[in-house]
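2 protein chains.
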Amino acid sequence: MGVFHAGTHAMSKTLKEMDVLRQHLAKHQLKLTRQRELILTAFLRQEHVTAETMYHQLAKKDPHLGLATIYRTLNLFCEAGIAQARHFGTQTQYDNISHKGHHDHLICTGCGTIVEFENCEIERLQEEVATKNGFVIQTHRLELYGLCARCRH
Amino acid sequence: MGVFHAGTHAMSKTLKEMDVLRQHLAKHQLKLTRQRELILTAFLRQEHVTAETMYHQLAKKDPHLGLATIYRTLNLFCEAGIAQARHFGTQTQYDNISHKGHHDHLICTGCGTIVEFENCEIERLQEEVATKNGFVIQTHRLELYGLCARCRH
DNA sequence: GTTGAAATTGATAAGCTGTCTCAAGATAGT
DNA sequence: ACTATCTTGAGACAGCTTATCAATTTCAAC
């Protein structure tokens, strides 16, 4: 297997996250496996997924990929700062953190529909609140729960 | 058992919610039972509970009250608009909607300190976003993660 | 107050997510 | 290539919530 120096060109946009993962693995004496690469590539294509949906998606590419591996890997991504877990209903959604600016969610408690939004004004006010309290924000989570038009009948 | 006409005086502050429940029951051909009254009274005393905690709390008053009944009743409260379910970790928290406190948090990723805050302007913008998307907000969660003054050195 | 159809309860079985176990296999430093 | 170590896959397992069903309670109509 040839080893090319990364960071030149022709690398997909997954490069950044792949490097983040590689660094996290190195720091914790973990290994880069075929499964972890496969799952990361598929994960980065989406805004948010459940372990179950990834399991079905990836069954085509690797029928022997186990559900436990998906869970383990998605949790690994959370520790590496690539993903963020969010509990909705009875399931856990894993959000792709790199999709910044579409970080906020409007969630229907009736049907589970998730609408993504961004609002600069809210972000600005968040900064204001943080500064006022001596904080510097690294990330945030804003979820609005309510009923969508259809679920209100 | 004497039957007194309600709604005069000396009723606790649970009156309002009890009426909400009564109306909901009437509208859906459900019945007001001893258990439902008991659970509502205990529920209203608290900000948020899990089914399990209520089960233990109420075991003293009614050792035969079943866990399934607690779950059924708390879900009933949600349908009646008295409670709201929120999934945290692996458990479901049932929030007392009448305790509409502002639950926004500023969390230090360094030392874990949690600062609570409220900001009317943010709330207003949240409503705006929701309305624009056809939603009616029931509740929300806003968490800002960052470093507090001390942890930045 | 009795009566009776319909709803509710309690105990437990079953279901659903997510984690743990462990033998077999893959990875990476030497 | 060798070997210590990590990872995987399959299923067992655990925690939380819902479904089942016979026995009981409610409540509206007598």
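These protein sequences, in sequence, are chains S and E.
Its first residue numbered -17, the first sequence is counted upward by one per residue in this note's numbering.
Its first residue numbered -17, the second sequence is counted upward by one per residue in this note's numbering.
All residues carry an ideal CB built from backbone N, CA and C; glycine is no exception.
Within-7 Å CB hit, residue i to chain E
i	result
residue 2 (chain S)	no
residue 31 (chain S)	no
residue 61 (chain S)	no
residue 79 (chain S)	no
residue 64 (chain S)	no
residue 88 (chain S)	yes
residue 104 (chain S)	yes
Where residue i sits in the DSSP three-state scheme
i	result
residue 78 (chain E)	strand
residue 14 (chain E)	coil
residue 23 (chain S)	helix
residue 117 (chain E)	coil
residue 171 (chain S)	No answer is possible for residue 171 (chain S): it lies beyond the span of chain S, which begins at -17 and ends at 135.
residue 30 (chain S)	strand
residue 110 (chain S)	helix
residue 122 (chain E)	strand
residue 100 (chain S)	coil
Minimum Cβ-Cβ distance from residue i to chain S less than 7 Å
i	result
residue -13 (chain E)	For residue -13 (chain E), the predicted structure reports a pLDDT of 41, less than 50, and the residue's modelled location is therefore unreliable. The matter cannot be settled from this model.
residue 34 (chain E)	no
residue 100 (chain E)	no
residue 69 (chain E)	yes
residue 56 (chain E)	no
residue 107 (chain E)	yes
residue -3 (chain E)	no
Buried or exposed (CB count within 10 angstroms, at least 16 for buried), residue i
i	result
residue 44 (chain E)	exposed
residue 18 (chain E)	buried
residue 1 (chain E)	exposed
residue 74 (chain E)	buried
residue 128 (chain E)	buried
residue 130 (chain E)	buried
residue 90 (chain E)	buried
residue -15 (chain S)	Interpretation of residue -15 (chain S) is limited by its pLDDT of 41, a score under 50 that renders its predicted location unreliable; the figure taken from the coordinates is listed afterwards. Exposed: under 16 other Cβ atoms inside 10 Å.
residue -1 (chain S)	buried
residue 5 (chain S)	exposed
residue 59 (chain E)	buried
Opening and closing residue of the beta strand (DSSP E) in which residue i lies
i	result
residue 68 (chain E)	65 to 70
residue 93 (chain E)	Neither: residue 93 (chain E) is in no beta strand (DSSP E) and is coded neither H nor E.
Limits of the alpha helix (DSSP H) - the one that residue i falls within
i	result
residue 57 (chain E)	49 to 62
residue 135 (chain E)	Counting along the chain, residue 135 (chain E) falls outside any alpha helix (DSSP H), and DSSP gives it neither H nor E.
residue 1 (chain S)	-3 to 9
Under 7 Å (Cβ pairs) to chain S, residues found in the region 109 to 135 of chain E: From the region 109 to 135 of chain E, only 111, 112, 115, 116, 117, 118, 119, 120, 121, 122, 123, 124, 125, 126, 127, 128, 129, 130, 131 and 134 have a Cβ closer than 7 Å to chain S.
Can you give me, in chain order, the residues of the region 13 to 31 of chain S that have a beta carbon less than 9 Å from any beta carbon in chain E? Going along the region 13 to 31 of chain S in chain order, one finds no residue with a Cβ nearer than 9 Å to chain E.
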